[in-house]
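Chains as they are written, first to last, in the numbering used here: chain P, 12 to 228; chain X, 12 to 228.
The beta carbon of each residue, even a glycine, is placed where N, CA and C say it ideally should be.
Computed from a predicted model, the values in this text were never measured in an experiment.
What follows is a short report on a single structure.
There are 2 protein chains.
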Amino acid sequence: MPSEWEEPAPRDRRSIRHQSTKREIVESAWQLSDERGVTGWGLRDVAGRVGMRAPSLYVYFESKSALYDAMFADGCRAMLDRIEATEVDPDPVTMLHRAARVFFDFAVEQPARYALLYLRPVPGFEPSPESYRLAVAALQALVDVLASAGVRDASDIDLFTALMTGLASQQVSNDPQGRRWSQLVDRSVDMFLSATLDDSRVPGASARPRRKTNPAG
Amino acid sequence: MPSEWEEPAPRDRRSIRHQSTKREIVESAWQLSDERGVTGWGLRDVAGRVGMRAPSLYVYFESKSALYDAMFADGCRAMLDRIEATEVDPDPVTMLHRAARVFFDFAVEQPARYALLYLRPVPGFEPSPESYRLAVAALQALVDVLASAGVRDASDIDLFTALMTGLASQQVSNDPQGRRWSQLVDRSVDMFLSATLDDSRVPGASARPRRKTNPAG
DNA sequence: CGGTTTTCCTAACATTGTTAGGCTCTGCCT
DNA sequence: AGGCAGAGCCTAACAATGTTAGGAAAACCG
């Protein structure tokens with residue numbers, strides 16, 4: 012299979028121009044998403060920004076949903092890059108804080124990308140299998156970082172991601188500028204640490220690595 | 012002031028019919044939201060379900076957004092009812108589990124309502140001041156329950172709500188049927204307990220009520 | 001019963017995403 | 001060079017959506 016996502020047959024100069032225009036469209040769409048929200052623009056707006064009329068966009072994307080899909084894939088790559096750029100540290104506690112940070116900072120610095128990737132604000136849109144694979148890759152990269160922080164149990168990972176998405180969403184929707192939720196990230200990591208890591212790793216943590224559940228009767 | 016949100020001048024029989032039709036419309040809208048998602052229907056659909064044509068809905072709501080607002084208010088009251096129906100228990104740990112449950116169960120049993128209230132899936136929609144007040148009332152009721160569970164610090168409350176919204180969202184979007192995230196709710200409450208409550212309240216909890224933050228450098 | 005208001009309708013408009021069909025220019029092939 | 005396939009872009013137009021205008025019937029109230 013020609014793979015199509017990598018180098019487009021190097022002999023074809025037009026294909027290069029095609030891909031470059033595609034990128035330009037996606038970038039304009041992100042720009043508009045930053046300004047007016049992920050759903051706050053139409054195809055005529057994007058087209059105008061790249062000097063076209065709306066129907067011409069269909070040369071590059073078969074639908075608006077396909078454009079969102081390209082944006083989604085683009086966002087996943089951005090997230091993946093951040094995660095993979097995380098410096099490793101021998102201390103698991105430090106690593107856990109970094110894992111939390113890379114996720115939360117992404118939400119703060121790229122709210123539109125964060126929203127499209129994790130809040131799914133576009134009614135009909137579902138990522139294509141290809142893009143979804145990228146999302147899984149990003150998640151997997153995060154899981155790897157967590158593993159290097161000593162978090163390997165599946166439900167610990169779920170708990171961590173739920174915590175992070177919860178905080179990030181609150182940040183994005185309630186407090187786009189302030190640092191209030193940012194501080195809560197560090198606190199929640201400490202909380203998470205004291206509840207999941209065993210004390211051999213975290214000298215200060217509780218000796219009870221997993222307490223029994225106490226459902227309210 | 013006539014208040015208008017409560018009893019409509021009791022002498023006017025028409026006003027009663029008006030309010031009743033309004034309720035019927037809102038209920039049909041919820042029905043459609045349950046079937047096709049909060050954004051998966053149009054005014055013509057709702058109208059059809061109550062035996063009308065779309066423009067007639069404008070007798071009752073000045074816009075689709077106003078209909079969403081009525082749904083929002085309705086959802087807030089449903090949530091408020093649940094919270095206020097929470098039985099009090101002298102044991103703070105039990106109370107905290109109940110607080111988590113009432114929130115999470117709402118998300119599981121009324122996914123459409125949960126989505127409209129907390130996930131905000133409708134692009135242009137912002138709740139009106141009146142409806143927003145209801146949302147605040149529901150939040151306040153939850154805060155009161157948390158207070159009765161010994162959680163009074165503002166950032167503890169934020170942490171708790173972020174945790175709950177994170178878990179509930181994961182449940183709603185990843186696992187609408189299973190009980191996986193449900194179990195995580197109890198675990199996360201335990202985690203929360205061990206990190207926030209002081210040990211005088213929870214005999215089994217860690218003796219360190221608040222650990223110092225350790226930002227990754 | 002007369003007048004007013006409520007309720008509901010049809011017709012139509014603006015804005016969307018989208019399709020059809022045609023012009024123009026590029027770039028490859030003989 | 002000539003010619004042709006196709007890429008890129010256009011205008012016109014369609015379908016669906018929320019919404020407005022304006023009118024007819026029904027309900028109410030004196």
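Distances from the alpha-carbon of Ala65(X) to those of Leu195(X), Ile36(X) and Asp80(X) put Ile36(X) closest. In the assembly as shown, Gly53(P) is an exposed residue. Its beta-carbon has fewer than 16 other beta-carbons within 10 Å.
Under the 8 Å Cβ criterion, the region 111–124 of chain X counts as touching the region 180–192 of chain X, having at least three qualifying pairs.
Nearest CB-CB separation between Ser184(X) and chain P: below the 9 Å threshold. Under the Cβ criterion of 9 Å, Ser166(X) is counted among the residues facing chain P.
Remark: C-beta atoms of Asp164(X) and Thr207(X) approach each other more closely than 9 Å.
Counting the other Cβ atoms within 10 Å of the Cβ of Pro134(P) gives fewer than 16, which makes it exposed.
When the beta-carbon positions are compared, Val196(P) and Met175(P) come within less than 9 Å of each other. Listed in chain order, the positions of the region 152–178 of chain X with a beta carbon within less than 8 Å of a beta carbon of chain P are Ser166, Asp169, Leu170, Thr172, Ala173, Leu174, Met175, Thr176, Gly177 and Leu178. The beta carbons of Leu204(P) and Thr172(P) sit no closer together than 9 Å. Under the Cβ criterion (8 Å, minimum of three pairs), the region 46–62 of chain P does not count as touching the region 89–103 of chain P. The three-state reading of DSSP puts Thr32(X) in helix, counting H, G and I together. Between the C-alpha atoms of Gly86(P) and Tyr69(P) there is a straight-line separation of about 21 Å. In the DSSP assignment, Trp192(P) falls within the unbroken alpha helix (DSSP H) covering Arg191 to Thr207. In this structure, DSSP gives Phe72(P) a state outside helix and strand, which the three-state scheme calls coil. Exclusion of the five residues before and after Ile168(X) leaves Val154, Leu157 and Val162 as the residues of its chain whose Cβ lies within less than 8 Å of its Cβ. For the region 105–130 of chain X, residues whose beta-carbon sits nearer than 7 Å to a beta-carbon of chain P comprise Thr105, His108, Arg109 and Arg112. For secondary structure counted as the alpha helix (DSSP H) over 4 or more consecutive residues, the region 89–117 of chain P holds no complete run. As the crow flies, the alpha-carbon of Ser159(X) is around 27 Å from that of Leu130(X). Taking 9 Å as the cut-off, the beta carbon of Arg198(P) is found closer than this to the beta carbon of Leu170(X).
Interface annotation, Phe83(X): not in contact with chain P, CB-CB separation never under 9 Å. Between Ser39(X) and Arg25(X) a beta carbon distance of about 21 Å is seen, past the 8 Å cut, so the two are scored as non-contacting.
With contacts defined by Cβ atoms closer than 9 Å, Ala146(P) and Phe83(P) form a contacting pair. Using beta-carbon distances, Arg144(P) does not count as an interface residue toward chain X, since no partner is under 9 Å. For the pair Val113(X) and Glu98(X), the Cα-to-Cα distance works out to about 11 Å.
Excluding residues up to 5 positions away in sequence, Ala58 lie with their Cβ nearer than 8 Å to the Cβ of Ser67(X) in the same chain. Following the DSSP letters along the chain, one finds Glu141(X) inside the alpha helix (DSSP H) bounded by residues Pro140 to Ser159. Taking the CA atoms as reference points, Ala126(X) sits about 26 Å from Ala81(P).
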